[in-house]
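One structure below.
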Ligand code: CA
């Protein structure tokens, strides 16, 4: 039975969430502030956190930062009224595994919570040695060789242009996390220009969409999915269990 810590200062919401999650067979512990939450985390093991940001005293983001440096791999779902794109990016970049804004749908919260805990239970990917002996990463049927800048899908080499490779490597390195458009554009700008293309070929969101489209087609044969995260960017979803 998984144990969840709910950090929420709205007593009514805390009660409602606790009741619902207990019905789903979770062990639930609660805290109304960052200080209380830190004390709970120091005294018992939990499998995940539902974290409000607007809390009395210290902001919920402080708990996220603390948890990220003290408890490796602890999944955190932010549940907050802060619904700006900047807030969401900030929360996800600070290491939150998911971000839901209030008002929220209880069933969606439950589904995303379960998905987050499932992901936490399985390793995102396995580090292995590639044929070249260099560092490589395998996700499902895809294996990429970071040193050779090459990828193999289901045993077959994947033909990738330079930019497709850089996009794929970024998505693989951050599998299950949001990769923003700016992240990809920055990686492209840092890399050499695509052979056979004018160095000045525009690096913008339209170009990115074209590359994402091409990469999706090349990954068609796999169970890997590049999701559009509306308003944020893209995410390589972990293979379905
Ligand atoms: Ca609050």
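Residue numbers (our numbering): 1304 to 1544.
Just so you know, even glycine gets a beta-carbon here, dropped at the ideal spot from N, CA and C.
Predicted, not measured: the structure shown is a model, and the values here were computed from it.
query: Are residue 1535 and residue 1487 closer than 7 Å when you measure CB to CB?
result: no
- request: Would you list, in sequence order, the uninterrupted beta strand (DSSP E) runs of no fewer than 3 residues that lie entirely inside the stretch 1368-1449?
  value: 1379-1383, 1401-1404, 1429-1432, 1438-1442, 1445-1448
message: Here's a check: name, in chain order, each residue in its chain whose Cβ is nearer than 6 Å to the Cβ of residue 1465, leaving out the five neighbours to either side.
response: 1497
message: Does any residue of chain B have a CB that is nearer than 7 Å to the CB of residue 1304?
response: Protein chains in the displayed structure number just one, and chain B is not present.
task: Please determine, among 1348, 1392, 1530, the residue with the shortest C-alpha to C-alpha distance to residue 1471.
output: 1530
query: Would a C-beta distance cut-off of 7 Å place residue 1473 and residue 1490 closer than the cut-off?
result: yes
- prompt: residue 1311 by DSSP, collapsed to three states: which one?
  reply: coil
task: Counting only the same chain and skipping the five closest in sequence on each side, list residues whose C-beta sits under 7 Å from that of residue 1420.
output: 1305, 1350, 1351, 1378
Own chain residues within Cβ distance below 6 Å of residue 1449, not counting five before or after: 1438
message: Is any non-hydrogen atom of ligand 1 found closer than 6 Å to the C-beta of residue 1357, if you look at the structure I gave you?
response: yes
message: Which same chain residues end up closer than 8 Å to residue 1427 when comparing Cβ atoms and leaving out the 5 residues on each side of it in sequence?
response: Note that residue 1427 has pLDDT 48, beneath the 50 cutoff, so the model's placement of it is unreliable and no number is given.
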